[in-house]
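Novice: My questions all concern the structure below.
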Amino acid sequence: MASPRATQALLQRSIEAIEASSDTFEELPEALRDLLMALQELLESPGAPSGPAANDARQVLEMVALAGESELRNQQSVTASLEALSLELERRILAAPVALAAGQACPPCGIDGGTEAGRSLGLLAALLSHNPSRLAPELDPTSPLGHRYPFADEKLAMEPGDTIRALEELSDLGLFQRTLVNRIHVCSECERCHLNFREQCPRCDSIDLKVERVLHHFRCGYTGIESEFGSGIELACPKCRRELFQLGQDFDRPHETYVCRHCESLFEEPQIGAQCLACSKESAGHEAPQRAIYTYSPTPLANRAVELGRLTGLEVDSILYDAELKIATRDFLEFEIKRELVRLSRHATAFSTATVSFERHGRTVPIFRDWTASTLRELCVMLAGSLRSLDLVTRLDASRLGILMPEADEAGAAIVRRRLFAELNEMSFVDRSGNDLVPTWTVATWAERRQPIEEVRRFLFPDSNMLKVEP
Numbered sequence: 001m002a003s004p005r006a007t008q009a010l011l012q013r014s015i016e017a018i019e020a021s022s023d024t025f026e027e028l029p030e031a032l033r034d035l036l037m038a039l040q041e042l043l044e045s046p047g048a049p050s051g052p053a054a055n056d057a058r059q060v061l062e063m064v065a066l067a068g069e070s071e072l073r074n075q076q077s078v079t080a081s082l083e084a085l086s087l088e089l090e091r092r093i094l095a096a097p098v099a100l101a102a103g104q105a106c107p108p109c110g111i112d113g114g115t116e117a118g119r120s121l122g123l124l125a126a127l128l129s130h131n132p133s134r135l136a137p138e139l140d141p142t143s144p145l146g147h148r149y150p151f152a153d154e155k156l157a158m159e160p161g162d163t164i165r166a167l168e169e170l171s172d173l174g175l176f177q178r179t180l181v182n183r184i185h186v187c188s189e190c191e192r193c194h195l196n197f198r199e200q201c202p203r204c205d206s207i208d209l210k211v212e213r214v215l216h217h218f219r220c221g222y223t224g225i226e227s228e229f230g231s232g233i234e235l236a237c238p239k240c241r242r243e244l245f246q247l248g249q250d251f252d253r254p255h256e257t258y259v260c261r262h263c264e265s266l267f268e269e270p271q272i273g274a275q276c277l278a279c280s281k282e283s284a285g286h287e288a289p290q291r292a293i294y295t296y297s298p299t300p301l302a303n304r305a306v307e308l309g310r311l312t313g314l315e316v317d318s319i320l321y322d323a324e325l326k327i328a329t330r331d332f333l334e335f336e337i338k339r340e341l342v343r344l345s346r347h348a349t350a351f352s353t354a355t356v357s358f359e360r361h362g363r364t365v366p367i368f369r370d371w372t373a374s375t376l377r378e379l380c381v382m383l384a385g386s387l388r389s390l391d392l393v394t395r396l397d398a399s400r401l402g403i404l405m406p407e408a409d410e411a412g413a414a415i416v417r418r419r420l421f422a423e424l425n426e427m428s429f430v431d432r433s434g435n436d437l438v439p440t441w442t443v444a445t446w447a448e449r450r451q452p453i454e455e456v457r458r459f460l461f462p463d464s465n466m467l468k469v470e471p
């Protein structure tokens, strides 16, 4: 008898085959015939899937039997039934508990503890068993961000800097709750925290500064630095040449000031500069980006991740739609991209994908971490309202939004961009420090009939390392 896992694999291949073929059953690949036999055995086996998905699968079998394996006229109905059963099988296959606290493979669900996703699940499993119950940072001057998480470093088999990025990605997936414990400044070039903040002349950027007291001569009104009046106990006004004898009667010292030895400028407040001790990059202190350091605690969704043995698609109602931001999920985006690729191969109908992000000084800002929920919702609602009803908006990662534009060639994508940026330019976007952000747009049009989905994925997720565990 075919196993649930093998049957599900047949399901996925057959769904694609149905969408890409004609209506006649005889012209479908042999895999569909094998699928129907496997379905029959699976539905008759002990502990078989139940519920609406299984009932739909039985209707498919009955329809094929009544037609004498001659025609499947309603492709959409058949495909929907098979997809529903696929989700049911996936839940059944991955329902076994995941014992990955020791980083071992999990035979029931086939998750390899040696993969990054498997190690992430192992970390979650260990935390949920209260050993420990949360990840608290420790100070470490050798770490890129000055902090490390020793337990997570060990479980994820990563260096401290990579560990923090992985924990942030897991948090973005809703698997960790963050609690702020520290803020640091990092180099805008290498993103390390090893910065030397120093006082500089605001005129020439020299660090050769001194502090002098200011003297005010009452009689002639001249004000200058003390070295202009002489040294020691003998003081004379450089303007009127009169000697100054008594503080409070002849003169006073109202305050101190900075003096640049290089250009002799006087100023009350020096400029703060930042010098990276790792890469030697120099910049203004206010341009050094801030990074938050958190304690990470597993959320209730982490329990479901460990139970199902995967990191994404954990809630049925979140598979297609992000209710908080009113946009589609990544899983639904990929599903729609597959449909567009099928349409492209059959009808040569081009489509386009685009990304929208926000930058300051050429660096992309992680808006999904920095912005408030209301600001993000306002942006997403505006994007969805500016696009066609067929277009799809989704969150790609912590920094970027993705847009799928069906039946849009290069000219159509250019029209979408103009309309979208007309709306964006009417809005104001700032980072956490109140600095203005600039919206950016990248676009790719897909017009080749045999376009591999991997190329579309590379465009949308060029740096992604948070892989979904495949059953």
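Sequential numbering of the sequence shown, starting at 1, is according to the UniProt record's numbering. The beta carbon of each residue, even a glycine, is placed where N, CA and C say it ideally should be.
Tell me which residue opens and which closes the alpha helix (DSSP H) that Leu383 is part of.
Specialist: Per DSSP, Leu383 belongs to the alpha helix (DSSP H) from 373-386.
Novice: Excluding sequence positions up to five away, which residues of its chain have a Cβ less than 6 Å from the Cβ of Gly161?
Specialist: Hits under 6 Å: Pro144.
Novice: Among His216, Ser357, His262, which residue has its Cα nearest to the Cα of Cys201?
Specialist: For Cys201, the nearest C-alpha among the options comes from His262.
Novice: So the beta strand (DSSP E) Thr394 belongs to, where does it begin and stop?
Specialist: 392-395 is the extent of the beta strand (DSSP E) around Thr394.
Novice: Beta-carbon within less than 8 Å of Ile225's beta-carbon, same chain only, minus the 5 sequence neighbours each way: which residues are those?
Specialist: Closer than 8 Å at Cβ, skipping near neighbours: Glu212, Arg213, Val214, Leu215, Thr257, Val259, Leu266.
Novice: My parser needs the alpha helix (DSSP H) runs of 4 or more residues fully inside the stretch 392-451; what are they?
Specialist: Listed in chain order, the complete alpha helix (DSSP H) runs (minimum 4 residues) inside the stretch 392-451 are 410-424.
Novice: In its own chain, which residues sit with a C-beta less than 6 Å from the C-beta of Tyr296, not counting the 5 before and 5 after it?
Specialist: Closer than 6 Å at Cβ, skipping near neighbours: Leu135, Leu167, Phe176.
Novice: Pull up the CB-CB distance for Gln290 and Arg432, whole angstroms please, since I reckon it's below 8 Å.
Specialist: The pair is a contact, with the Cβ atoms about 7 Å apart (cut-off 8 Å).
Novice: What's the gap between the Cα of Ile233 and the Cα of Gly248?
Specialist: Approximately 15 Å, taken between the alpha carbons.
Novice: What does the Cβ neighbour count give for Ser352, buried or exposed, with the cut at 16 atoms within 10 Å?
Specialist: Ser352 comes out buried.
Novice: When DSSP builds the beta bridges, which residues end up paired with Ser283?
Specialist: For Ser283, which the question treats as bridged, DSSP gives the partners Ala274.
Novice: For the stretch 272-279 against the stretch 181-188, do three or more pairs of beta-carbon atoms, one drawn from each stretch, fall closer than 8 Å, so that the two count as touching?
Specialist: Touching, yes, given that three or more Cβ pairs across the two stretches are closer than 8 Å.
Novice: Give the straight-line distance between the Cα atoms of Asp391 and Glu454, rounded to the nearest whole angstrom.
Specialist: Going from the Cα of Asp391 to the Cα of Glu454 covers about 21 Å.
Novice: Confirm, please, whether the CB-CB distance from Leu460 to Val356 is below 9 Å.
Specialist: Not a contact, by the Cβ cut-off of 9 Å.
Novice: Measure the Cβ-Cβ separation of Ala398 and Glu169 and say whether it is below 9 Å.
Specialist: Result yes, Cβ atoms of Ala398 and Glu169 sit closer than 9 Å.
Novice: Is it buried or exposed for Gly51, if we count other Cβ within 10 angstroms and need 16 for buried?
Specialist: A caution first: Gly51 carries a pLDDT of 49, below 50, which makes its placement in the model unreliable, though a value can still be read off. Gly51 is exposed by the Cβ-count criterion.
Novice: Using the C-alpha atoms, what's the distance from Val416 back to Leu387?
Specialist: When rounded, the distance between both Cα atoms is 7 Å.
Novice: Quick check: the Cα distance between Leu333 and His361, rounded to an integer number of angstroms?
Specialist: C-alpha separation (whole angstroms): 30 Å.
Novice: Would Leu156 pass as a contact of Glu116 if the rule is Cβ separation under 9 Å?
Specialist: Result yes, Cβ atoms of Leu156 and Glu116 sit closer than 9 Å.
Novice: Do you know offhand how far Tyr294's Cα is from His130's?
Specialist: The alpha-carbon atoms of Tyr294 and His130 are separated by roughly 18 Å.
Novice: Based on the DSSP secondary-structure assignment, which residues constitute the bridge partners of Tyr296?
Specialist: Tyr296 is bridged to Leu135, Arg178.
Novice: Do Ala350 and Ala447 have their beta-carbon atoms positioned less than 9 Å apart in this structure?
Specialist: Their beta carbons are under 9 Å apart, which means Ala447 touches Ala350 by this criterion.
Novice: Quick check on this structure: which residue in Ile164, Arg343, Arg363 has the alpha carbon closest to the alpha carbon of Glu287?
Specialist: Closest option to Glu287, Cα to Cα, is Arg363.
Novice: Have a look at Lys281 and Phe358 and give me their C-alpha separation to the nearest angstrom.
Specialist: So the alpha carbons of these two residues sit roughly 23 Å apart.
Novice: Tell me the residue span of the alpha helix (DSSP H) that contains Glu262.
Specialist: According to the sequence shown, residue 262 is His rather than Glu. Unbroken run through His262: none, as it is neither H nor E.
Novice: I'd like the list of long-range same chain contacts for Leu180, defined as Cβ closer than 7 Å, with 5 residues on each side in sequence excluded.
Specialist: Closer than 7 Å at Cβ, skipping near neighbours: Ala292, Tyr294.
Novice: Nearest by alpha-carbon distance to Cys220: which of Met427, Leu244, Leu404, Ser206 is it?
Specialist: Comparing Cα-Cα distances from Cys220 to each of Met427, Leu244, Leu404, Ser206, the minimum goes to Leu244.
Novice: Apart from the five residues on each side of it in sequence, which residues of its chain come closer than 7 Å, Cβ to Cβ, to Asp172?
Specialist: For Asp172, where only same-chain residues beyond five positions count, the Cβ hits under 7 Å are Phe368, Ala398.
Novice: Assign His361 to one of three DSSP states: helix, strand, or coil.
Specialist: Reduced to three states, the DSSP call for His361 is coil.
Novice: Exposed or buried, what is Asp436 when buried is set at 16 or more other beta-carbons lying within 10 Å of its beta-carbon?
Specialist: With fewer than 16 other Cβ atoms within 10 Å, it is exposed.
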